[in-house]
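2 protein chains.
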Amino acid sequence: MKTSIATVSISGELPEKLAAIAAAGFDGVEIFENDFLAFDGSPKDVGRMVRDLGLEITLFQPFRDFEGMPASHRQRTFDRAELKFDIMQELGTDLVLVCSNVSPVSLGGVDRAAADFHELGERAAKRGLRVGFEALAWGRHINDHRDAWEIVRRADHQNVGLILDSFHSLSRKIDINSIRSIPKDKIFIVQLADAPLIDMDLLYWSRHFRNMPGEGDLPVTAFTAAIAQTGYDGYFSLEIFNDQFRGGSTRSIAADGHRSLIYLGDQVRRVPGAEGLTVPAMPDRTTVEGVAFVEFSADQEDARNLVAILKTLGFRKTKIHRTKKVELFEQGDIRLLVNTEDSGFANTSFAVHGTSAYAVALAVDDAEKALVRAIALGAEPFGQPVAEGEVEIPAIRGVGGGLIYLIDHKSDLGRFSEIDFRPSEEADHAVVSAHLQRVDHIAQTVAYDEMLTWLLFYASIFEAHKTPMVDIIDPSGVVRSQVVENNSGALRITLNGAENRRTLAGHFIAEKFGSGVQHLAFETPDIFATAAALRENGFRALPISANYYGDVEARFGLDPELSERLKAENILYDRDDGGEYFQLYSGTFGEGFFFEIVQRTGYRGYGAPNAIFRIAALKKQMRPEGIPTV
Amino acid sequence: MKTSIATVSISGELPEKLAAIAAAGFDGVEIFENDFLAFDGSPKDVGRMVRDLGLEITLFQPFRDFEGMPASHRQRTFDRAELKFDIMQELGTDLVLVCSNVSPVSLGGVDRAAADFHELGERAAKRGLRVGFEALAWGRHINDHRDAWEIVRRADHQNVGLILDSFHSLSRKIDINSIRSIPKDKIFIVQLADAPLIDMDLLYWSRHFRNMPGEGDLPVTAFTAAIAQTGYDGYFSLEIFNDQFRGGSTRSIAADGHRSLIYLGDQVRRVPGAEGLTVPAMPDRTTVEGVAFVEFSADQEDARNLVAILKTLGFRKTKIHRTKKVELFEQGDIRLLVNTEDSGFANTSFAVHGTSAYAVALAVDDAEKALVRAIALGAEPFGQPVAEGEVEIPAIRGVGGGLIYLIDHKSDLGRFSEIDFRPSEEADHAVVSAHLQRVDHIAQTVAYDEMLTWLLFYASIFEAHKTPMVDIIDPSGVVRSQVVENNSGALRITLNGAENRRTLAGHFIAEKFGSGVQHLAFETPDIFATAAALRENGFRALPISANYYGDVEARFGLDPELSERLKAENILYDRDDGGEYFQLYSGTFGEGFFFEIVQRTGYRGYGAPNAIFRIAALKKQMRPEGIPTV
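Here it is as C-alpha cells:
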C-alpha cells in the first residue's frame, strides 16, 4: 500500500502543501490542476519540487467533460487532452484522471464513450501516458463504477484503466462486491474519502463534508478490503473536500491524512483475502483497562486551592514523591497527582496553560506494544529524565500538547507509586470519603477544527469506538460533542469542539491558551451518600436553576420526593433505555476547569440533555470574572 | 401584523435575549422552554422582565409528544400538560405550542388525536388558556398542516387552534392554497422561517440552516400572503434555528429578524387580497440608477499614494472642495473623492480602519423616499454638519459602519459637485484616459456571520435581487460570495464572507478592523485599449501565473493569439451563455484594497472561476508584508 494525497485536500499554497505532505510521510501526491494553475512556476518547477521532497506525482487531475461529446465538441475535447498531456510530461507524471462527463451537451452511450477512451488511450500511449476513468456520483450518464468499468473494458486499451473512489461508490451505496470482479491491473489508482452520514444532495455533501477514512461513517474499510482482495497493492490516495480542512493547519491535516491511511491499512490487512496488502505490521489496538492517574500542574498558590477542593471531594493525600514536588491524592481507584515542580515538562505546561490536568495515565494491557503502535501511527513519543531508580513511564503527546502516560502490570510500571513515592505523613483525618470509585470519563475541550484529529488519534491507537456527534447548545453558540469509548467503559473520553470563544468551551480554550482536559467525572455508586459526604467536607455544588426540577419531574414522571431530593442537592437527572444517570458538579477552578460526580445504573450516555443547564449555571457563576455576555 | 420572535432564535442568556428583542422593536416574544429552564428565576420573574421591556409573551413552547399516546402513557402526558399550564399562568401567557408527536410509542389516528386535543382544550379552558397544534415536518403521524387542521377541526374546541410554520409547510412543498380554507380565528399564531434551498434531511436542515424570511430561498412571502388572505392579522413570530445565529451578535441578529418581518409585511400587503394586513406603509423599494461617487478617507501620506494609483488608472483631478480637504477625481461617469480632513466622520473612519473606501453614493430615483424606506427598515440615518450653502446629502450607515449616500436629480443633490466644489487648477496633462466608463461593481468583504445581515439590508431597501451563493476557494480557506444586483446592472454589490483570518478576505477584515469595501471594479468597453493606456500611465497590473493561460486557452478553445495577448497584459478571461468577461487587476494598497477593470459583453457573472488565481496572485504579492502562510 503506497500512500498519496491530493493537493486539494489541505490548505495553503502549493510549496507549503507539498512540504507538509512530505513531512507527514506520504509516498506520493496528486496534483490538483487549480493548485498548479495558481502557482507561479512551470510544470517542470513543480515536478522538481515534488521529487526534491522525495515524493512521486501519482496523478494529475481532474480532466472534465471528456467522454461522449457530440461531433461539434469532440475535436476540441481531444485538443484539451493533448494540452493536459503536455503539462503531465513536463510535470513528470504518467496518469491523468478523467471524471465522468457532467456536461448537458454530452451524449452518453457506453460504446461511444468506450470509443472515445480507446482513441484517448492511443494518444496517451504515444507519449507513454495512461488514462484513468472515474465515475462521479453525479455524472450525467455515468455515475456508478460498474458502468465506468464496462466502458474501460470495452475501450480495451492497455493505457486506459479505472479509478475507484470510495466516496463516489459508497455515497450511492453501490455493492462493494462488484469490485471483486475487476482485474487488479485495470485499477490504475484508488482514491479514498470518508464522510459523516447526513442525508443530503450528493454534490453538496461531497464538496463540504468529506473527511479522512475513519473520521466519518462510510464503510471505507470494507471498500478498501474489497480492492485489496483483487490483489491491487498500488497507491491509495486521499481526495478530501472539506471546508474545515481548507481553513485548518496544513501540517496537522496532512498528518491526520497519513495516520488515517496507515490505520486503514492495518485494519484491511486483517481481513481474510486482503493479507497481500503491503502495510507496516504493528501491534493490535491497545486495550485500555482504566485511568491509572491524572496529573495536574500548578504553582504553589493554585495547588493549595486545588488541594482544598480535592479534600472537599473526599480525596486524601496518601503519598509524596521521593525527589519531586509531586503529591498523590487517592480515593477508591482514583489517583490524582499534583505537580508543583519548578522545572521540567509539568512546569513548562503550567507556564503556558496555567493550572491544568496536563497528563492522563491510561492503564493498558501492554504499555510497550501500545507505545509501538502509537508511534507507528504518527504519535509523538515523550520522555524526560528521571532520577536513578525511579520508574520511567512511556508517554505520547496528546490533546493540546498534554501527555498520555501508558502503564501496565508487566513491569515496574504498575508499581511506580510504590517505587517513586513515600507515604505522606499528613493524616487528613477531617476528610470524609465521598465514595468516589473511579474516573467515569475525561472531558477534553478542543478547537472545533481539531475534533476529527483527536477522534482519529484515540480510535486508531486504542481499542475504542466513537459515538455519533451531539450538538450542545451553549447560550452563546453551538458546541459539538463526540465520545471515544470502549466496551468495558474503562476508556471514556468526551471531546467538545468549540466554534467560538464566547461559548464556555471556547472561553476555556482561549483563556488556557489551548485545548485540554476541562473536566473530570468521577463515579459513585450512591449519589445521595456522596452528596451528604461532600456537604460534610464543605464542598459547594454548582447551583442548578429551580425551574429545571419541575421539568425533569414532569418529563420522566419522577416521584416528587425524588425530584425534591435532586433539587436540594443540585443533582441533574437523565434516563435512557439502559438506566438512570445522576450528575453533580463543582464550580469552576482556574481557567474554567471543574469536577463532575456521576452515578450510572446501566445508563450509557453522558447527560447531553442536561448540558445546557450545567453550562448556564457555570456561566452564571463565572460571569463576575469576565465571561463576555454580549 | 404584530411581530414576535422565539428566544431560541438568538444567542445569549435570557435577560440579554429579551433586552435585544425589545431593542429591535418586536411586539412580542415566544419563550422557548429551555431558555426558561436554564434561567435562575421564577416564571413570575420572567413574565415581569418581559412586560417591563414592553413586550408580550406570545407563546410558550414546545410541548412535545402529546397527541395519540397509548393508554399506558396518556395520563402522564396530561399531567405534564398541567405542569406546563402552571408555568404559563405564572409567566402570564395564554398560548402553548403542541408540536406533533414524534414518539415511537405514539399511536396516530386523527380521531384519537382530536379526542386528546378536546380534553386538553377543556383543561386549558378552565384556566383561561389556549392550545395551538403544529405539524412538525418530521412528525411521526402528523407532518402536514392539512392533517393538523383536520385534527383541530374535529377537536372542535374554542380553546384549541392551529399553529402554522412556514418551514414545516414549505420544506415539504405543501400546497399553499390549502391555507386559504382555514378560518382566521382558528389560526392561533404563525411562525416564520426561511432556509437556503439545499436538498437534505429535513430535521438536519431545520436544526442548522433556517434563516430569516428573505434570507433564504423558500416562498415565505407567498405563504404569508396566503395567511393574510384569510384575514389573519395576529402575531407573526420568527422561530429560527441556525448555528451561525447561535454564535452571532444577539442585538444584530434580533435587528435582522425585525427587519425581515417589516420587509415581509411590506411585500405581503401589496398582494391582492392581503391588503388587510396592518403594516406600516413605506415607499417602494428604491431604484438604483448608478454609483454617483465613492469616497476614500486617508491621511496625507496614504492619499498621495492613492492619488498616484488613481492617475495610473487614468483618473484626473477635476475639482477641489470649497471648504474641506476633499478632492474629486473623474473618468467617464466615475467619480472618486479623496478625503483627508483632520476631523469629521471620514477622519474618524480613517483612525479606526485606516485608508479605505468608507462611503459609497448611490444615484437613486428619489433620495428622500429612499431614506424614509431605509429608516422604516431599521437603517441608521447619518448626518454631520455642512458649511452654509453646501449640499447636505442624506445618508445611512452601511457595511462596517461605512456610509451609503443617497443622491437624486430632484433637488440640489445632483449638483453637489458644482455647488460644493471648485475646479482644480492642476491639469494632469500627463495622464492618459484609460477609457473607464462606470463602476461595474463594488466588492465588500464582511465577516461570514454578517453576510445574511447585509444581503437582507440591501435587498429590502433597494430594488434588487440576490444571486446564489458561490464558494471561492482561497488557498487558506473557503470564502462565500453572493451578489446583490438589480436588473439594469446599475447596482452590483458583491459580498464576500470570510470564515477565517488566513484567507485574503479574512486578512483584510482583521487588518482593517472590520468589514468594508475591498475592491472597486470599473468597466471599460475595450480591455486592450485600457491596458495600453494603463501601461502608458505606468500602472502595474497584478501578475497572473503563466500556467493560467494554457488552461484558459484549452478550456474555452481560444485563438492562441488572443490567449497570448491576455497573458501579455495579465488579463483574466471567462465566458457564459451571455458573452465574454475580461478582468485586469491592480496590486493591493493599504490593508489589502485593490482595483479591478472589467469588460463585459453580455456576460452576467463576476468571474468566480478566476477568483482562485487572482487571490493566489494577490497573496504572493502581499507575502513580504506578512500574510501568514502557515
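Taken in sequence, the protein lines are chains F and E.
Numbering of the first sequence is given in my numbering, commencing with residue 1 and proceeding in unit increments.
Numbering of the second sequence is given in my numbering, commencing with residue 1001 and proceeding in unit increments.
Yeah, the Cβ is synthetic: ideal placement off N, Cα and C, and Gly gets one too.
Here the structure is a predicted model, which is why all the values come from computation and not from measurement.
Residue i versus the options, residue with shortest Cα-Cα distance
i	options	result
Ala1255 (chain E)	E:Phe1556, E:Ser1545, E:Ala1024, E:Thr1524	E:Ala1024
Lys319 (chain F)	F:Phe416, F:Tyr573, F:Asn610, F:Leu377	F:Phe416
Leu162 (chain F)	F:Glu368, F:Asp144, F:Gly132	F:Gly132
Trp1138 (chain E)	E:Leu1129, E:Asp1111, E:Phe1167	E:Phe1167
Pro1475 (chain E)	E:Ala1617, E:Ser1237, E:Ser1100, E:Leu1436	E:Ala1617
Ala1374 (chain E)	E:Asp1366, E:Ile1396, E:Glu1301	E:Ile1396
Leu120 (chain F)	F:Val483, F:Leu95, F:Ala430	F:Leu95
Arg1535 (chain E)	E:Thr1077, E:Leu1091, E:Lys1311	E:Lys1311
Pro381 (chain F)	F:Ala225, F:Leu83, F:Glu392	F:Glu392
Ile1240 (chain E)	E:Ser1009, E:Arg1422, E:Met1001, E:Val1598	E:Ser1009
Ala1019 (chain E)	E:Thr1003, E:Val1050, E:Ser1004	E:Val1050
Asp185 (chain F)	F:Leu164, F:Ile174, F:Lys173, F:Lys567	F:Leu164
Ile142 (chain F)	F:Ala81, F:Glu122, F:Ala124, F:Gly68	F:Gly68
Glu1418 (chain E)	E:Glu1390, E:Lys1410, E:His1429	E:Glu1390
Gly1489 (chain E)	E:Asp1147, E:Pro1423, E:Thr1287	E:Thr1287
Glu1056 (chain E)	E:Pro1062, E:Arg1048, E:Phe1063	E:Arg1048
Phe188 (chain F)	F:Pro219, F:Glu215, F:Ile227, F:Ala222	F:Ile227
Arg74 (chain F)	F:Ile87, F:Asn101, F:Gln61, F:Gly383	F:Asn101
Cβ neighbour criterion (16 or more within 10 Å) applied to residue i
i	result
Asp1440 (chain E)	buried
Pro468 (chain F)	exposed
Glu237 (chain F)	First, the residue type needs correcting, since residue 237 (chain F) is Ser and not Glu in the sequence shown. When all chains shown are included, Ser237 (chain F) counts as buried.
Thr323 (chain F)	exposed
Ala611 (chain F)	buried
Ala1281 (chain E)	exposed
Thr601 (chain F)	exposed
Val268 (chain F)	buried
Ala1351 (chain E)	exposed
Glu625 (chain F)	Here the model assigns Glu625 (chain F) a pLDDT of 43, short of 50, so the residue's position is not dependable and the matter cannot be decided.
Glu564 (chain F)	exposed
Lys1512 (chain E)	buried
Pro1062 (chain E)	buried
In DSSP terms, what residue i is bridged to
i	result
Asp1474 (chain E)	E:Gly1477
Leu1095 (chain E)	E:Arg1130
Ser1206 (chain E)	Its beta-bridge partners do not exist; DSSP assigns none.
Asn1610 (chain E)	The partner list for Asn1610 (chain E) (beta bridge, DSSP) is empty, contrary to what the question assumes.
Thr601 (chain F)	F:Glu580
Arg246 (chain F)	Per DSSP, none; premise fails for Arg246 (chain F).
Lys1619 (chain E)	Lys1619 (chain E) pairs with nothing; no bridge assigned.
Arg575 (chain F)	F:Glu580
Asp1194 (chain E)	E:Asn1211
Tyr1235 (chain E)	E:Lys1002
Leu337 (chain F)	F:Glu295, F:Leu328
Using 8 Å as the Cβ pair cut-off and three pairs as the minimum, do the region 1535-1544 of chain E and the region 1567-1575 of chain E touch? yes
Per the contact definition of three or more C-beta pairs closer than 8 Å, is the region 1489-1496 of chain E in contact with the region 1612-1622 of chain E? no
Taking 8 Å as the threshold, find out whether the region 1588-1601 of chain E comes into contact with the region 1506-1518 of chain E through three or more Cβ pairs. yes
Can at least three beta-carbon pairs, one atom from the region 34-41 of chain F and one from the region 1545-1559 of chain E, be found at a separation below 8 Å? yes
Three or more beta-carbon pairs under 8 Å between the region 1191-1209 of chain E and the region 1107-1127 of chain E, yes or no? no
With three or more C-beta pairs closer than 8 Å as the rule, is the region 512-526 of chain F touching the region 422-441 of chain F? yes
Runs of beta strand (DSSP E) lying entirely within the region 1126-1175 of chain E, each at least 3 residues, in chain order: 1130-1134, 1160-1165
Decide if the region 1259-1276 of chain E is in contact with the region 1040-1057 of chain E; the criterion is three or more beta carbon pairs, one per stretch, under 8 Å apart. no
Just list the alpha helix (DSSP H) runs in the region 1473-1534 of chain E, keeping only unbroken ones of 4 residues or longer that don't cross its boundaries, in chain order. 1504-1512
Whole beta strand (DSSP E) runs in the region 1003-1074 of chain E with 3 or more residues, listed along the chain? 1028-1032, 1056-1063
Three or more C-beta pairs below 8 Å linking the region 1245-1253 of chain E and the region 1183-1200 of chain E: no
Kindly confirm or deny that the region 1072-1082 of chain E and the region 551-569 of chain F touch, where touching means at least three C-beta pairs closer than 8 Å. yes
Whole alpha helix (DSSP H) runs in the region 1357-1422 of chain E with 4 or more residues, listed along the chain? 1367-1376, 1416-1420
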